[in-house]
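Only one structure is covered here, and it is reproduced in the block below.
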Amino acid sequence: MKATQRNFAQVAAGAARNAKIFFFCGPDEAGAHAAAARVIGMLADPGEKVEIDGGELKRDPVRLADETRSTSLFGDSRHIVVRANGEEAHDALKILSDATEAELAKGWPVLVIATGATDKSRSAKLLEKRGDAVVAMFYPPDLSSVTAEVRRLADASGLRMGSELAQRIASSVGLDTRMAASEVTKLALYLDADAQAPRNATAADLDAIAAETEDDGMMPLVDAVLSGEGAKVPGELARFGQLGLNPVGTLLAMERRVAQLAQIASRLEGRGDVAGFVNGEVKAHRIFFRDQAAITRQLQCWRGARLARLGERLIELHRALLADSQAAPLLFAAGCAQIARAAAARS
């Protein structure tokens, strides 16, 4: 079965009951992770979580099928989560999907989060027509959709939250739904809220629990790099190291901003007044007002083919960070400096 980003929430419960293989792909890695977490939460008995790296399956494709038939030491149930890049899991999925439906039904559920893959990939084609499999592709969300998701999470957690506060949370986490869910959970714990005892959430409450705010999180570095503010980048990188921020997580925030720029640029088309257009987007609540200045600068640096090449460069850097975790901080810093220089050349 093939699900879309729009209808996944409606089909998730049925899929959790009936499907055995889930393939989550697309440029929004946070959305794919959130979908996997939602399905796991809906499984009748998720049991033990078994994680497998896509690189391992590429070297040993038989392992996935073996894991679906294995049992834990105490005979408990389990589910298998595969984190892959592109088509790393294809051969393993081919072996698994070659089994009969009856054999597959007896195995443990498999959830593949395939960064860099699409619903047109070979892996997706293997599964999309099967009744016991789900393929779903996730695109980077915009501010309004993440704001709506924050409010949904808040309602489920017993938080009464206005749209302005939900929008602030969505923006502060760089439109990352996983991080947004974490902020909502912390806020609910702080206020001792639940569905049976709802509480009103305020900006002051969020200030009290936020481990990182817009001023001391990852977005100042992201904005300095993409805006070509070379003088700010060394200081932001130093602060990045002091706070112990994760290079991959920060790069994901940069990728989400570039995806947001691409969406805005498609609406901007050939208009010359970038600042005026962005101001209109803010008024239409498609851009958070605090991001207005940064997005205006970045659209003046990155448009058309340059923006597309920037997206490709970020994907290359992402793969390099995952391939060498020890060198990741150095590779990340070098990549930031290179991108900032390229942006400055057009600013």
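Note that our numbering has the sequence shown beginning at 30, numbered continuously upward. Virtual Cβ for every residue (Gly too), placed ideally from N, Cα, C.
What three-state label does DSSP hand residue i in the structure shown?
| i | result |
| --- | --- |
| residue 33 | coil |
| residue 112 | strand |
| residue 50 | strand |
| residue 223 | strand |
| residue 362 | helix |
| residue 240 | In this prediction, residue 240 scores a pLDDT of 46, lower than 50, which makes its location untrustworthy; the coordinate-derived value is nonetheless stated afterwards. Coil, per DSSP. |
| residue 316 | coil |
| residue 202 | coil |
| residue 245 | Residue placement at residue 245 is poorly supported in this model, since its pLDDT is 48, which falls under 50; the coordinates are not used for a value here. |
| residue 305 | helix |
| residue 143 | strand |
| residue 3 | Residue 3 lies beyond the residue range present for the chain, which begins at 30 and ends at 376; the question has no answer from this structure. |
| residue 296 | helix |
| residue 191 | coil |
| residue 259 | coil |
| residue 270 | helix |
| residue 159 | coil |
| residue 136 | coil |
| residue 107 | strand |
Shortest alpha-carbon distance to residue i belongs to which of the options?
| i | options | result |
| --- | --- | --- |
| residue 175 | 220, 119, 275 and 207 | 207 |
| residue 313 | 291, 296 and 301 | 296 |
| residue 311 | 302, 321 and 303 | 321 |
| residue 235 | 283, 365, 188 and 262 | 188 |
| residue 100 | 360, 153, 85 and 136 | 136 |
| residue 348 | 315, 326, 306 and 284 | 284 |
| residue 317 | 212, 231, 334 and 198 | 198 |
| residue 87 | 62, 66, 152 and 107 | 152 |
| residue 111 | 309, 82 and 256 | 82 |
| residue 260 | 231, 369, 356 and 146 | 369 |
| residue 209 | 222, 180 and 237 | 180 |
Quick one: is residue i buried, meaning 16 or more other Cβ sit within 10 Å of its Cβ, or exposed?
| i | result |
| --- | --- |
| residue 271 | exposed |
| residue 114 | buried |
| residue 205 | buried |
| residue 289 | buried |
| residue 203 | buried |
| residue 61 | buried |
| residue 201 | buried |
| residue 226 | exposed |
| residue 49 | buried |
| residue 155 | buried |
| residue 325 | buried |
| residue 93 | buried |
Which two residues bound the contiguous beta strand (DSSP E) that contains residue i?
| i | result |
| --- | --- |
| residue 80 | 77-82 |
| residue 176 | Here residue 176 belongs to no beta strand (DSSP E); instead the alpha helix (DSSP H) covers 172-186. |
| residue 162 | 162-166 |
Please confirm whether any heavy atom of the ligand ATP lies closer than 7 Å to the CB of residue i.
| i | result |
| --- | --- |
| residue 339 | Inclusion of the ligand ATP in the displayed structure is not the case, the ligand content being empty and no account of it being possible. |
Taking the continuous alpha helix (DSSP H) assigned at residue i, which residues delimit it?
| i | result |
| --- | --- |
| residue 328 | 321-330 |
| residue 155 | 151-156 |
| residue 336 | 333-352 |
| residue 125 | 119-126 |
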